[in-house]
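Residues 0 to 277 in numbering that gives the first Met the number 0 are what the sequence shown spells out, letter by letter.
Remarks on the structure that follows.
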Amino acid sequence: MRTELLLDQADDLLCNGRAGQAATLLAPVVGEEPGNVDAWLLLTRAHLALRRPAEALDAARAALRLEPHGAEALYWVSAAYTAAGRHELAVAAAVSAGNEDPGNPRLLERHGRALLAAGRLAEAERVLAAGAEFAHYDADLHVAHGVALFAAGRPLSAREAHGRALAIEPAHPQAQIELRRLTAAEQRIVDAESLVRVADEFAEALRIPAGGRRPEPNGSGVLAHLTAVAFAVCLAALLIIGVLDRVASLDVPPALTVALLCAAGSAACATALTRHRS
Numbered sequence: 000m001r002t003e004l005l006l007d008q009a010d011d012l013l014c015n016g017r018a019g020q021a022a023t024l025l026a027p028v029v030g031e032e033p034g035n036v037d038a039w040l041l042l043t044r045a046h047l048a049l050r051r052p053a054e055a056l057d058a059a060r061a062a063l064r065l066e067p068h069g070a071e072a073l074y075w076v077s078a079a080y081t082a083a084g085r086h087e088l089a090v091a092a093a094v095s096a097g098n099e100d101p102g103n104p105r106l107l108e109r110h111g112r113a114l115l116a117a118g119r120l121a122e123a124e125r126v127l128a129a130g131a132e133f134a135h136y137d138a139d140l141h142v143a144h145g146v147a148l149f150a151a152g153r154p155l156s157a158r159e160a161h162g163r164a165l166a167i168e169p170a171h172p173q174a175q176i177e178l179r180r181l182t183a184a185e186q187r188i189v190d191a192e193s194l195v196r197v198a199d200e201f202a203e204a205l206r207i208p209a210g211g212r213r214p215e216p217n218g219s220g221v222l223a224h225l226t227a228v229a230f231a232v233c234l235a236a237l238l239i240i241g242v243l244d245r246v247a248s249l250d251v252p253p254a255l256t257v258a259l260l261c262a263a264g265s266a267a268c269a270t271a272l273t274r275h276r277s
């Protein structure tokens, strides 16, 4: 029961974008229960969200060793290989997952996205087109198909695919994101040459290099740095005022001292909070 509660908590943390805390929570769980497949898969998700492809692959492989033919384990092994830029293995794992559960739209999407990340656009479009036709009820597949269509230089068809996703699920967040991205890109398209250039740029952005993408700067870490600088500036100002008061007998307004003390305290609290969240 305790483990189930921890896994539920980790899943909630992942859904709320707090992958670092989820990974911290899951580490002792897999240590104590190395045979827990669900814990390993959650840990894989956490590492992927943190852009740690090597750690994600280790966790996914641990799950796959426990369930050698598990479609879910194969799905996350494929995702981890994609994140690491090991595309042939990612595609192979996705195909194996699809063979274990034929027609599963989630596995069809994984196959298509593995091909997109490898730069195999024509294959990706074919796989996702077939998947979207077969599982026409699945909004995620239509979104992935739209992404492949735009990367292949077919923005109007891509818009139609995203529209089908929204017809199935009107509030689909990824479809809305892709439509906004497509609309912004279309403003740069004025002729055939610019269409090719914009589509190529989009396709290149989907590719994942060998070794994976570098982790993006952590926004909370940047904020923590800025608040720490503000704290240091306030302390330095207080020190300078104290020295001037001693040496030059400067008459410093008490309100200024109080304001600097309050600012320093606020900056210190903000620094502590942002570091705790990250």
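All C-beta atoms, glycine included, are put in the ideal place defined by N, C-alpha and C.
From a predicted model like this one, the values you see are computed outputs, not experimental measurements.
- Cβ contact annotation for leucine 165 (same chain, cutoff 7 Å, sequence separation greater than five): His171, Ala174, in chain order.
- With contacts defined as CB atoms closer than 8 Å, proline 52 and alanine 82 qualify as a contacting pair.
- With a 10 Å radius around the Cβ and a threshold of 16 neighbouring Cβ atoms, tyrosine 136 comes out exposed.
- For the pair of segments examined, the segment 197-212 was found to touch the segment 83-90: the number of CB pairs separated by less than 8 Å reaches three.
- Take leucine 25, set aside five residues on each side of it, and the residues of its chain with a beta-carbon closer than 7 Å to its own are Ala9, Ala38, Leu41, Leu42, Ala45, in chain order.
- For the pair leucine 88 and glycine 97, the CB atoms are not nearer than the 8 Å cut-off.
- Contact check for arginine 112 against alanine 143 passes: the beta carbons are separated by less than 8 Å.
- In this structure, DSSP gives proline 169 a state outside helix and strand, which the three-state scheme calls coil.
- When secondary structure is reduced to three states using DSSP, glycine 102 falls in the coil class, being assigned neither helix nor strand.
- Assigned with DSSP and collapsed to three states, isoleucine 188 falls in coil, not helix or strand.
- Its chain contains His144 as the residues whose beta carbon lies nearer than 7 Å to that of alanine 128, once the 5 sequence neighbours on both sides are disregarded; these appear in chain order.
- A direct Cα-Cα distance of roughly 8 Å separates aspartate 139 from glutamate 108.
- Collapsing the DSSP output to three states places tyrosine 80 in a helix.
- Inter-residue distance for leucine 73 and arginine 158 is about 31 Å (C-alpha atoms, whole angstroms).
- Take the alpha-carbon of glutamate 124 and the one of alanine 147: they are about 5 Å apart.
- About 5 Å separates the Cβ atoms of leucine 47 and alanine 55, confirming a contact at the 8 Å cut-off.
- Its chain contains Ala70, Leu106 as the residues whose beta carbon lies nearer than 7 Å to that of aspartate 100, once the 5 sequence neighbours on both sides are disregarded; these appear in chain order.
- Here glycine 162 is actually not in contact with alanine 134; their C-beta atoms are around 17 Å apart, not less than 8 Å.
- Of all alpha-carbon atoms in Leu13, Asp11, Leu5, Ala117, the one lying nearest the alpha-carbon of glutamate 31 is that of Leu5.
- Collapsing the DSSP output to three states places glutamate 177 in a helix.
- Residue nearest to threonine 2 within the set Cys14, Ala184, Val90, Val36 is Val36 (criterion: CA-CA distance).
- In the DSSP assignment, alanine 18 falls within the alpha helix (DSSP H) that extends over 18-31.
- Collapsing the DSSP output to three states places glycine 34 in coil.
- Of the residues assessed, glycine 130 falls on the buried side of the cut-off, its CB having 16 or more other CB atoms within 10 angstroms.
- For the 8 Å CB-CB criterion, serine 77 and alanine 62 do not form a contact.
- Here the alpha carbons of leucine 178 and phenylalanine 201 stand approximately 13 Å from one another.
- Rounded to the nearest angstrom, the Cβ distance from alanine 150 to leucine 114 is 10 Å, too far for a contact under 8 Å.
- Distance from the CA atom of alanine 191 to the CA atom of glycine 16, rounded to whole angstroms, is 40 Å.
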